[in-house]
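The structure under discussion appears below in the form of structure tokens.
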Amino acid sequence: MASIRSCVSVKPAAAVSPVKYRSARVGAAGLEPRGLRISCSSSSSSLAAGGGDGCRDAGCASSSGRGSGVVGSVGDGWWGRRGGQRERAVAAMCSAGMEGVRHGAAAVASVPAASASALPERAKVVALVAAVMLLCNADRVVMSVAVVPFAAQYGWSSSFLGIVQSSFLWGYVFSSMVGGALADRYGGKKVMAGAAALWSLATFLTPWAASQSTIMLLAIRALFGLAEGVAFPTMSTFLPKWFPTHERATAVGISMGGFHLGNVISFLATPIIMSHIGLAGTFAFFASLGYLWLSVWLFNVESDPLDSRTISKSELQLILAGRSASKIQGSKFPSLREILSKIEMWAIIVANVVNNWGYFVLLSWMPVYFKTVYNVNLKQAAWFSAIPWAVMALSGYVAGASADFLIKSGFSVALVRKIMQSIGFIGPGVSLLCLRFAQTPSVAAVLMTIALSLSSFSQAGYFCNVQDIAPKYAGSLHGLTNGIGTVAAIVSTIGTGYFVQWLGSFQAFLTLTAVLYFSATVFYNTYATGDLIFD
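Counted from 1, the sequence shown has number 119 at position 117 by my numbering; the numbering is strictly sequential.
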């Protein structure tokens, strides 16, 4: 066998159009040459005749003294960086004979198979998104529970209690409108990290602010809302990049399951923690969890799978193939006038408004409701309040999986969204009307559980519908609709307090909320669509 004097390495064949990584690494088996210029070459006719495939598939690297970097491609199994960046890891082998070339090909070919057997990268991503959404809601609920001892300590009235509960929405309404745009520009990783760091700080400072003055407390709570307002728009931008269309509702369901699970954990844990380390210690504990999550997020997640260094080629191809149809190139972001001129967009806006109205009424007032109407203590109220959110965390996943199953089975996207949204509004509306007949806290808890578990079907309705009609601008448009919906949440949260103070009952406001649910169902089913509106 003729010997080979110069080493050769890989460039993909011209006829192949492989998917390229922005950054990746092969694994521990690969060597790490620094500053190599890799080219496919041979110095003998025997290589050209018998080793062409070996050169393309594995090859050897030759040192030419140049360091412009290597473009790795999925098609040939080579992973690297593009744009002139330094190559992180290149599997390269030199051989004195053709046997060595073939051996190198086998070694490199085995790498993707090993990577594919590991846990999918998008599973890690959705787990961390679910975790931060859990903390996002848990930090809100701490205040919903702590507001009872705060009110007793500082002598707050029911109407002022409603103002305190709604104060975080003052900042939330502004940041939710721009959160998607920030994520589109700077990446979901950075925006979510900054938001979590800021809302954790505000959580820590809340007891101190309450002891200083009501103005300081309202300012800190508004800062808390300002940070949390970007979470949903960022998630709406982040998940579509990591999940193909037929997995998207499931990913949203898992993430929102974490969000609702935050209610459960916070409702149950807050009274217990509070009894051991006090109000200030409780807020500090939840704030510390945010920074713990942040340390994991920053080193394990990228905004786009193309930037991931650990994703396998097969998973990347699956993601890109699943989202390719929705990556439509447009000239510029549609104007506000154009957005508001589309009745299909108004269907989503109305659904978001009514969903936020009902959701924040239950989130902010449920512990107070059980304590006021059924005279249960704080720990009992926390248990009764936590049960509905626990079931909601599971039902949200069921809703997402069901929606994805129906779409894969051939049902139109529009029909699936309307079915899910109808369940998400009619179910809670009927349940809230039935609350007037509940004579015990157990019966009331069952009705609340039904209301919240069915309302989670909205996640597979209007929430995903934004990605259907405007995949390119999903984050920004979700931020816009969520900002408008937050205004409704402010009105409902404050309005509940005044209704209770004036009428001495929750039922009138719950009946109004049920009527809104039914009206929004009709409007959404009439005008919603699954077709592309903004490209």
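Where is the CB? At the ideal position from N, CA and C, for every residue including glycine.
Roughly how many whole angstroms lie between the Cα atoms of A349 and F362?
-> Against the sequence shown, residue 349 aligns to sequence position 347. Against the sequence shown, residue 362 aligns to sequence position 360. For A349 and F362, the distance between alpha carbons rounds to 20 Å.
Below 8 Å, can you find three or more Cβ-Cβ pairs linking the segment 334 to 348 to the segment 396 to 408?
-> In short, these stretches do not touch, since the Cβ pair count stays below three.
To the nearest angstrom, report how far apart L291 and A183 are at their CA atoms.
-> The residue you call residue 291 lines up with position 289 of the sequence shown. The residue you call residue 183 lines up with position 181 of the sequence shown. Each residue's Cα considered, the two are about 27 Å apart.
Thinking C-alpha only, which one of S397, G487, Q469 and P307 is nearest W244?
-> For the purposes of this step, residue 244 is taken as the residue at position 242 of the sequence shown. Comparing Cα-Cα distances from W244 to each of S397, G487, Q469 and P307, the minimum goes to P307.
To which residues of the same chain is S238 closer than 6 Å at the C-beta, ignoring the five residues directly before and after it?
-> The residue labelled residue 238 in the question sits at position 236 within the sequence shown. The residues are A476, G477 and H480.
Identify whether I313 lies in helix, strand or coil by the three-state DSSP scheme.
-> Here residue 313 refers to the residue found at position 311 when the sequence shown is read from its first residue. Of the three classes helix, strand and coil, the one that applies to I313 here is coil, per DSSP.
As assigned by DSSP and simplified to three states, the class of I535 | The residue labelled residue 535 in the question sits at position 533 within the sequence shown. Coil.
When the Cα atoms are used, what is the spatial distance from P235 to T483?
-> On the sequence shown, residue 235 is found 233 positions in, with the first residue counted as 1. On the sequence shown, residue 483 is found 481 positions in, with the first residue counted as 1. Spanning the two alpha carbons is a distance of roughly 10 Å.
Does the separation of the CB atoms of G189 and S305 fall below 7 Å?
-> Residue mapping note: residue 189 aligns to position 187 of the sequence shown, counting from 1. Residue mapping note: residue 305 aligns to position 303 of the sequence shown, counting from 1. Yes, these two residues count as a Cβ contact at 7 Å.
In this structure, does DSSP put G264 in helix, strand or coil?
-> Sequence index remark: in the sequence shown, residue 264 carries index 262 (1-based). G264 falls in the helix class under three-state DSSP.
Delimiting residues of the alpha helix (DSSP H) encompassing T515 = One-based indexing of the sequence shown puts residue 515 at position 513. From DSSP, the alpha helix (DSSP H) with T515 extends over Q509 to Y529.
Would a C-beta distance cut-off of 7 Å place I351 and I486 closer than the cut-off?
-> Translated into positions along the sequence shown, residue 351 becomes position 349. Translated into positions along the sequence shown, residue 486 becomes position 484. Contact flag set, yes.
Assign E317 to one of two classes, buried (16 or more other C-beta atoms within 10 Å of its C-beta) or exposed (fewer than that).
-> Here residue 317 is taken as the residue at index 315 of the sequence shown, counted from 1. With 16 or more other Cβ atoms within 10 Å, it is buried.
Nearest CA to the CA of E230: which residue from V524, S457 and T488?
-> Within the sequence shown, numbered from 1, the residue matching residue 230 stands at position 228. Among V524, S457 and T488, the Cα nearest to that of E230 is on T488.
Residue burial classification, G259 (beta-carbon count within 10 angstroms, cutoff 16) = As a position in the sequence shown, residue 259 is number 257, starting the count at 1. Buried is the call here.
Classify V358 as helix, strand or coil using the three-state DSSP reduction.
-> Residue mapping note: residue 358 aligns to position 356 of the sequence shown, counting from 1. Note on residue identity: the sequence assigns Asn, not Val, to residue 358. Helix, per DSSP.
Cα separation between N379 and S202?
-> Residue 379 sits at position 377 when you count from the first residue of the sequence shown. Residue 202 sits at position 200 when you count from the first residue of the sequence shown. Roughly 28 Å separates the two Cα atoms.
How far does the alpha helix (DSSP H) with S457 in it reach, from first residue to last?
-> Here residue 457 is taken as the residue at index 455 of the sequence shown, counted from 1. Run containing S457: P443 to S457, per the alpha helix (DSSP H) assignment.
With 16 other CB atoms within 10 Å as the buried threshold, where does I492 fall?
-> The residue you call residue 492 lines up with position 490 of the sequence shown. Buried, by the Cβ-count rule.
Would F413 count as contacting chain C if we go by Cβ distances under 7 Å?
-> No chain C appears in the structure shown, which is made up of a single protein chain.
Could you tell me the boundaries of the alpha helix (DSSP H) in which A204 lies?
-> For the purposes of this step, residue 204 is identified with residue 202 of the sequence shown, where counting begins at 1. Here the alpha helix (DSSP H) through A204 covers G190 to Q214.
Residue burial classification, R250 (beta-carbon count within 10 angstroms, cutoff 16) = Taking the sequence shown and counting its residues from 1, the one referred to as residue 250 is at position 248. The residue in question, R250, is buried, as its Cβ has 16 or more Cβ neighbours within 10 Å.
From Q441, L456 and F407, residue whose alpha carbon lies closest to that of I428 = Counted from its first residue, the sequence shown places residue 428 at position 426. Closest option to I428, Cα to Cα, is L456.
Enclosing alpha helix (DSSP H) for K2 [first to last residue] = Beyond the ends of the chain as shown, which are 3 and 537, falls residue 2; an answer cannot be given.
Alpha carbon to alpha carbon, what distance is there between S169 and L225?
-> Within the sequence shown, residue 225 is the residue found at index 223, counting from 1. Within the sequence shown, residue 169 is the residue found at index 167, counting from 1. Distance from the CA of L225 to the CA of S169, rounded to the nearest whole angstrom, comes to 9 Å.
Let me know if Q469 comes out buried or exposed under the rule of 16 or more other beta-carbons within 10 Å of its beta-carbon.
-> Within the sequence shown, numbered from 1, the residue matching residue 469 stands at position 467. Buried: at least 16 other Cβ atoms inside 10 Å.
Are T205 and A140 touching if we call contact CB-CB under 7 Å?
-> Counted from its first residue, the sequence shown places residue 205 at position 203. Counted from its first residue, the sequence shown places residue 140 at position 138. Result no, Cβ atoms of T205 and A140 do not sit closer than 7 Å.
Can you give me the start and stop residues for the alpha helix (DSSP H) that T247 sits inside?
-> The residue given as residue 247 occupies position 245 in the sequence shown. Here T247 belongs to no alpha helix (DSSP H), and DSSP marks it neither H nor E.
Is any heavy atom in the ligand COA found nearer than 6 Å to the beta carbon of T523?
-> The model depicted lacks the ligand COA and carries no ligand whatsoever.
What number of angstroms, rounded off, separates the C-alpha of S499 from the C-alpha of A530?
-> Residue 499 sits at position 497 when you count from the first residue of the sequence shown. Residue 530 sits at position 528 when you count from the first residue of the sequence shown. Checking the displayed sequence, the identity of residue 499 turns out to be Gly instead of Ser. C-alpha of G499 to C-alpha of A530: approximately 33 Å in a straight line.
Buried or exposed: L518, going by 16 or more other Cβ atoms within 10 Å of its Cβ?
-> The count along the sequence shown starts at 1 and reaches residue 518 at position 516. Label assigned to L518: buried.
Alpha carbon to alpha carbon, what distance is there between S146 and A490?
-> Taking the sequence shown and counting its residues from 1, the one referred to as residue 490 is at position 488. Taking the sequence shown and counting its residues from 1, the one referred to as residue 146 is at position 144. Each residue's alpha carbon lies about 19 Å from the other.
Three-state secondary structure (DSSP) of G426 = Here residue 426 refers to the residue found at position 424 when the sequence shown is read from its first residue. Three-state result, G426: helix.
What three-state label does DSSP hand A383 in the structure shown?
-> As a position in the sequence shown, residue 383 is number 381, starting the count at 1. DSSP places A383 in helix when its eight states are reduced to three.
From the DSSP output, in three-state form, read off P273 for me.
-> What you label residue 273 is simply residue 271 of the sequence shown in a count that begins at 1. The answer is helix: DSSP assigns P273 an H, G or I state.
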